[in-house]
Amino acid sequence: MSQEFNHITVMLQEAVDALITDPDGFYIDGTFGRGGHSSLILSKLSQKGRLLAIDKDLDAIAEAQRRFVNDERFLIKHGSFSEIEQFVAEQEMVGQVTGVLLDLGVSSPQLDDPSRGFSFQSDGPLDMRMNTTVGESAADWLNRAAEAEIADVLFHYGEERFARRMAKAIVEARQKAPILTTARLANIVSEANPRWEKGKNPATRAFQGIRIHINRELEEIEACLDQTLDVLAHQGRMVVISFHSLEDRIVKRFIRRHVKGDEHLPSGIPFTQAMLNQRLKSKGKAIKASEEEVKLNPRSRSAVMRVAEKC
Ligand SMILES: C[S@@+](CC[C@H](N)C(=O)[O-])C[C@H]1O[C@@H](n2cnc3c(N)ncnc32)[C@H](O)[C@@H]1O
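Be aware that the sequence shown starts at 2, since it is given in the numbering used here, and climbs by one per residue.
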């Protein structure tokens, strides 16, 4: 286990303050990571309160077991937050959850540990799976996918404007020898990048795109948000911290859709509020990390937190 890699929790106080409305409640931390949010949540709960935490990453699970094994209010599940409804059903708590927190994306230990294969800055096996027990590694996918599919991933998930050139370079390179390491991939995409953005590694966007694809990150957020609405109690809260616009767009649109309710009622017919089926209330605007936090932890610069409450 990668003990030496730490994670600084982003928007710790703000997220936990927004989440907890009842110290006796049942809460879910869908992205345990290194337990920064979980730890503060537990400190705010009474002896009756409970916290179910989820993470895809086995190192995160080991950390949860190590730190909270003696706390009877705490339970950790290895798996995806897109299985949230099943995890809650196992606890017979569907419709009774007080709050769900999601702190999206990768943790610092995942990024910093070269053996996980997320980093373009140090060499390691090209894996990039948060859950190393299932699915295809980045190397397996990159060495078999069609050029057009690779280009689509780099373009849509990496927002990389040189996606086509990079995909072509990847396919040419793998014909010489399979691409198995992060350093080789970083070299290939950097060389195919004709205009490096100031202050940004030329491989940043390609790595982001591949990571999102390999972990099905956006699909899993969509699935989790839908299920979260079902598991929450009346006035239960969802608190979501996103780190890039692709994630935040999904969260923003989801909240907006359920705040508005059903838009497809027949026109000209009077309808009641209940017929709109509004399922969420937005709690304030999107919140960014404070200047002070950004100074201490530059990773928090891109964080956006949204909070909504079930009607
Ligand atoms: C930004 S970190 C969370 C950090 C945590 N809040 C803390 O304070 O330590 C994101 C974590 O979510 C996990 N994760 C990302 N997507 C996931 C998913 N679909 N299901 C479960 N865990 C996921 C990652 O493995 C990572 O450990």
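Glycine is no exception: its CB is placed at the ideal position from the N, C-alpha and C atoms. Remember, predicted model here, so these are calculated numbers, not experimental data.
Exercise. Enumerate, from N- to C-terminal direction, the unbroken beta strand (DSSP E) stretches of 3 or more residues contained entirely within the region 130–211.
Key: none
Practice problem: Sort out for me which residues DSSP pairs Q305 with in a bridge. | Solution: According to the sequence shown, residue 305 is Val rather than Gln. According to DSSP, which records beta bridges pairwise, V305 is partnered with S243 and K289.
Quiz item: Helix, strand or coil for V70 per DSSP?
Solution: coil
Quiz item: Smallest Cα separation from L226: which of F244, I85 and E150?
Solution: I85
Quiz item: When DSSP labels each residue in this structure, what does F255 get in the three-state scheme?
Solution: helix
Quiz item: Taking 8 Å as the cut-off, does the CB of Q111 come closer than this to any heavy atom belonging to ligand 1?
Solution: yes
Exercise. Confirm the yes/no value for this check: CB of F33, any heavy atom of ligand 1, distance under 8 Å.
Key: yes
Self-check item: Inter-stretch contact at 8 Å, needing at least 3 Cβ pairs: the region 255–265 / the region 277–284
Solution: yes
Practice problem: Flag V101 as yes when its Cβ comes closer than 8 Å to any non-hydrogen atom of ligand 1, and as no otherwise. | Solution: no
Quiz prompt | Buried versus exposed, by CB contacts within 10 Å (16 or more), Q274 | solution = exposed
Exercise. Verify whether the separation of the beta carbon atoms of V172 and V240 is less than 9 Å.
Key: no
Quiz item: Hey, out of I215, E293, H235 and M306, whose CA is closest to I251's CA?
Solution: M306
Practice problem: Using beta-carbon positions only, say whether S39 and D25 come within less than 9 Å of one another. | Solution: no
Quiz item: Looking at S39 and ligand 1, is the gap between the Cβ and the nearest heavy atom below 8 Å?
Solution: yes
Quiz item: Does DSSP classify F319 as helix, strand or coil?
Solution: Here the chain covers residues 2 to 312 and nothing more, so residue 319 does not appear.
Practice problem: Any chance you could list the beta strand (DSSP E) runs of at least 3 consecutive residues sitting entirely within the region 218–243, in chain order? | Solution: 233–243
Quiz item: Would DSSP call D249 helix, strand or coil?
Solution: helix
Quiz item: Can you check whether the CB of E310 is closer than 9 Å to the CB of K282?
Solution: yes
Exercise. Assign N216 to buried or exposed, taking buried as 16 or more other Cβ atoms, counted over all protein chains shown, within 10 Å of its Cβ.
Key: buried
Practice problem: Using the Cα positions of K289 and A304, report the straight-line distance between them to the nearest angstrom. | Solution: 6 Å
Self-check item: Cα-Cα separation, E160 to F272
Solution: 42 Å
Quiz item: Where does I9 sit, in a helix, a strand or coil, going by DSSP?
Solution: coil
Quiz item: What does a CB cutoff of less than 6 Å around A19 pick up in its chain, not counting 5 residues either side in sequence?
Solution: V240 and V308
Practice problem: With hydrogens ignored, establish whether the beta-carbon of L105 is closer than 8 Å to any heavy atom of ligand 1. | Solution: yes
Practice problem: Less than 8 Å between the CB atoms is what I'm expecting for P115 and D124, so what's the real figure, rounded? | Solution: 6 Å
Practice problem: Quick one: residues in its chain with C-beta nearer than 7 Å to the C-beta of R130, no 5 flanking neighbours on either side, listed in chain order? | Solution: G136, S138, I215 and N216
Quiz prompt | Whole-angstrom distance between G34 and A152, CA atom to CA atom | solution = 30 Å
Exercise. Would you tell me roughly how many angstroms separate the C-alpha atoms of I270 and M94, rounded to the nearest one?
Key: 38 Å
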